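Participant: Residue numbers are given in this note's numbering: position 252 of the sequence shown equals residue 252, and the series is strictly consecutive.
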Amino acid sequence: MVTQDDYRVRLEAFEGPLDLLLFLIRKHEVDIHNIPIASVADQYMDVLSRIDHLDIDQAGEFLLMAATLMELKSRILAGMRRPRGEGDARDDEDPRLELVKQLLEFKKYRDAARGLESRLEEWRARFPAAAHALADAGIERAADEAQDLDLGDLDVLDLVEAFARIMQAVDLTRLGDHQVVYDDTPIELHAADLRDRVRAEAGAGRPLTMTAVFAARPRGEMIGLFLAMLELVRRQGVRVRQDHAGGEILIEPGERLDDALAPGDGSPSNADPAPD
């Protein structure tokens with residue numbers, strides 16, 4: 001049973017009058033196609049009467065819905081009192097039909113929007129550095145930075161082509177029947193792994209090859225490492241070069257290798273893993 005405490009709500013929590021109406025319908029535990037208009041209309045009016053302050057910008061929409069509900073209630077009650085056989089054929093149409101259509105349409109787009117928001121949060125958790133940059137600089141500034149991005153001696157297409165060749169060279173048939181597993185490792189952890197390997201190879205007096213980076217790695221991990229490499233290049237943590245067309249991609253320390261993953265710049269310590 002629904003109690004009065006259930007309706008101590010703030011209108012700001014709803015995305016308009018249709019959202020509030022859906023809330024009441026769920027509380028009533030009835031089919032959206034068979035709304036008990038009389039009961040829901042009374043509860044809707046009760047909610048509005050409990051609001052201490054109704055913003056003028058919101059008032060119009062919510063009061064219009066209240067008027068619509070009361071009109072539907074009166075039409076339904078009038079139809080119940082009318083003797084059978086009176087009225088014309090137009091009165092046979094359920095007066096709730098138009099409202100149901102609006103509710104179903106609103107629910108479809110609201111659910112789709114919430115699905116997109118969920119995907120956005122997943123993306124932010126998986127790529128916190130990119131999300132941080134967009135939040136601070138804005139989408140337009142981030143786009144300008146991307147256009148001016150200098151990858152060193154290589155064009156980004158060269159990196160993509162080299163990565164594609166490595167992926168094609170991986171013989172996945174040797175795995176037999178296998179299940180694709182979602183890799184929720186944050187990109188920053190892959191970047192830290194790659195940074196450490198670049199530093200170790202540089203200490204031995206040689207560059208790290210792109211082929212060595214992906215050797216014996218699962219496909220999902222290879223993709224994560226490739227994205228991490230692009231991120232390190234963007235932060236000037238590493239440089240990439242190619243001695244000749246179609247040759248091996250070589251990865252070397254950049255100007256900011258040591259602080260490319262500094263705290264506050266999307267470091268592993270600040271990165272949350274993506275949700276399952």
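No residue lacks a Cβ here, since even glycine has one placed at the ideal position from N, Cα and C.
All values derive from a computational prediction rather than experimental measurement.
#1: Would you please state the rounded distance, in angstroms, between the beta carbons of Val-240 and Leu-250? I believe it to be under 8 Å.
#2: Since I believe Arg-195 is in contact with Leu-280 (beta carbons under 8 Å), could you give me their beta-carbon distance rounded to a whole number of angstroms?
#3: Using 10 angstroms around the beta-carbon of His-244, count the other beta-carbons present and answer buried if the total reaches 16, otherwise exposed.
#4: Report the residue from Asp-111, Lys-101 and Ala-164 whose alpha carbon sits nearest the alpha carbon of Gly-246.
#5: When you compare only the Cα positions, how much space is there between Gly-266 and Gly-224?
#6: Based on Cα-Cα distance, which residue from Arg-219, Glu-255, Asp-19 and Phe-214 lies nearest to Arg-234?
#7: What do you reckon, are the CB atoms on Leu-72 and Ile-25 nearer than 7 Å?
#8: Going by beta carbon distance, what residues of the same chain come within less than 6 Å of Phe-106, once the five residues before and after it are set aside?
#9: Can you give the Cα-Cα distance for Arg-126 and Pro-186, rounded to whole angstroms?
#10: Please list the terminal residues of the continuous beta strand (DSSP E) segment that includes Glu-252.
#11: Once the 5 residues before and after Arg-197 are set aside, which same chain residues still bring their CB inside 6 Å of it?
#12: If you draw a straight line from the C-alpha of Arg-206 to the C-alpha of Gln-236, how long is it?
#13: Using a Cβ-Cβ cutoff of less than 6 Å, which residues in the same chain neighbour Arg-75 once the five nearest sequence positions on both sides are dropped?
#14: With a CB to CB cut of under 8 Å and the five nearest residues on each side skipped, what residues in its chain are close to Asp-193?
#15: In the DSSP assignment, the beta strand (DSSP E) including Gln-242 goes from what residue to what residue?
#16: So, helix, strand or coil for Thr-211, using DSSP?
#17: Compute the Euclidean distance between the alpha carbons of Asn-34 and Leu-97, then round it to the nearest angstrom.
#18: Is it buried or exposed for Leu-104, if we count other Cβ within 10 angstroms and need 16 for buried?
#19: Measuring CB to CB, does Leu-69 end up less than 7 Å from Tyr-109?
Facilitator: The structure says:
#1: 7 Å
#2: With the chain represented from 1 up to 276, any question about residue 280 goes unanswered, as that position is not in the structure.
#3: exposed
#4: Ranking the options by Cα distance to Gly-246, first place goes to Ala-164.
#5: In this prediction, Gly-266 has a pLDDT of 43, which is less than 50 and means its spatial position is unreliable; what the coordinates show is noted afterwards. Near 15 Å, if we compare the C-alpha coordinates of Gly-224 and Gly-266.
#6: Glu-255
#7: Going by C-beta atoms, Leu-72 is not nearer than 7 Å to Ile-25.
#8: Leu-18
#9: Cα atoms of Arg-126 and Pro-186: separation of roughly 5 Å, rounded to the nearest angstrom.
#10: 249 to 253
#11: Once the five neighbours on either side are set aside, the close Cβ partners of Arg-197 are Leu-208.
#12: Put simply, the backbone Cα of Arg-206 is about 19 Å away from that of Gln-236.
#13: Cβ neighbours of Arg-75 beyond the five flanking positions: Pro-95.
#14: Leu-225 and Ala-228
#15: 238 to 242
#16: helix
#17: 9 Å
#18: Exposed: under 16 other Cβ atoms inside 10 Å.
#19: Inclusion of Leu-69 and Tyr-109 in the CB contact set at 7 Å is not warranted, their separation being larger than that value.
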